[in-house]
Ligand code: DC
């Protein structure tokens, strides 16, 4: 039996993970956060003190990293070399490093098989940058979720403040702009609107509205 695959791509902070998680829960699909997989590899390299720009050593170290995905109480856990690293992969430093190392084709190749394998075995909502264009080009539903830089920076800022981090809105905005640029301009699998993707701008939409829109597209699959 073939599985249903939903691809959600878009820039940092567009709300992909929140929305994908909610839609997946409603449909009883598995939510796959591919950014977390790249983040785990970045963490692995960072712990080895390898600089993001040191491509050769990043590739060497990445090939030795073991990245697995597990679901505990419906939540995705990224397991790096046997350790649940969810708590360590969301810092600004790791975000920036991830954006740099995910541009290396060899690093992307390491995760591609894992991502396709999960989608072949499960009904999934998978979020990332190149899911509709590259990982799952035959996805049943493709969404490109975006929002203005200001909206995205403000969302990230509130998230970080709520977690007790002392951050500046201006720095977050700059980080987001830098990451957008890197993610969109790299040679290998850049962030782009995939063929057949439906573009949703969430700047003036509530989370529920976006989730409903996606669900109605899944329900409309023939
Ligand atoms: O979605 P995120 O912010 O957790 O992603 C972190 C970085 O990983 C992002 O800058 C781009 C990269 N990424 C990617 O290149 N391809 C994916 N499918 C997912 C994330």
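Residue numbers (this note's numbering): -2 to 219.
Just so you know, even glycine gets a beta-carbon here, dropped at the ideal spot from N, CA and C.
The structure displayed is predicted, hence computed values, not measured ones.
How far does the alpha helix (DSSP H) with residue 136 in it extend, from its first residue to its last?
Careful: residue 136 lies outside any alpha helix (DSSP H) and carries neither H nor E.
Can you confirm whether the region 31 to 41 touches the region 82 to 96 when touching is taken to mean that 3 or more C-beta pairs between the two stretches lie within less than 8 Å?
Because the criterion of three Cβ pairs below 8 Å is met, the region 82 to 96 and the region 31 to 41 touch.
For the pair the region 0 to 19 and the region 174 to 187, tell me if three or more CB-CB distances fall below 8 Å.
Counting Cβ pairs under 8 Å, three or more are found: they touch.
When every heavy atom of the ligand DC is checked, does at least one fall within less than 7 Å of the C-beta of residue 26?
For the ligand DC, not one heavy atom lies less than 7 Å from the Cβ of residue 26.
What are the uninterrupted segments assigned as alpha helix (DSSP H) that are 4 or more residues long and contained completely in the region 95 to 183, given in chain order?
Fully enclosed alpha helix (DSSP H) runs of 4 or longer: 102 to 118, 146 to 159 and 166 to 182.
For residue 169 versus residue 154, is the C-beta spacing smaller than 8 Å?
It is a contact, given that the beta carbons lie within the stated cut-off.
Cβ atoms of residue 2 and residue 133: under 8 Å apart, would you say?
Against a cut-off of 8 Å, the Cβ pair of residue 2 and residue 133 comes out as a contact.
Starting from the C-beta of residue 126, find all residues in its chain whose C-beta is less than 6 Å away, skip the five residues before and the five after it, and write them out in chain order.
Answer for residue 126: 6, 180 and 188, listed in chain order.
Closer than 7 Å by C-beta to residue 148: which residues in its own chain qualify, once you throw out the five before and the five after it? Chain order, please.
So the qualifying residues of the chain are 200.
Check the C-beta distance from residue 115 over to residue 66 and give it rounded, since I have them as a contact under 8 Å.
Contact flag correct, Cβ pair sits at about 7 Å.
Using the three-state DSSP reduction, which class does residue 208 fall into: helix, strand or coil?
Of the three classes helix, strand and coil, the one that applies to residue 208 here is helix, per DSSP.
Determine the direct distance from the alpha carbon of residue 88 to that of residue 162, and round the result to whole angstroms.
Approximately 10 Å between the Cα atoms of the pair.
Please report the straight-line C-alpha distance between residue 216 and residue 68, rounded to a whole angstrom.
Cα-Cα distance, rounded: 25 Å.
Are the beta-carbon atoms of residue 218 and residue 121 separated by less than 8 Å?
Cβ atoms of residue 218 and residue 121: not closer than 8 Å.
Measuring only the C-alpha atoms, how far is residue 53 from residue 212?
Cα to Cα, residue 53 sits roughly 42 Å from residue 212.
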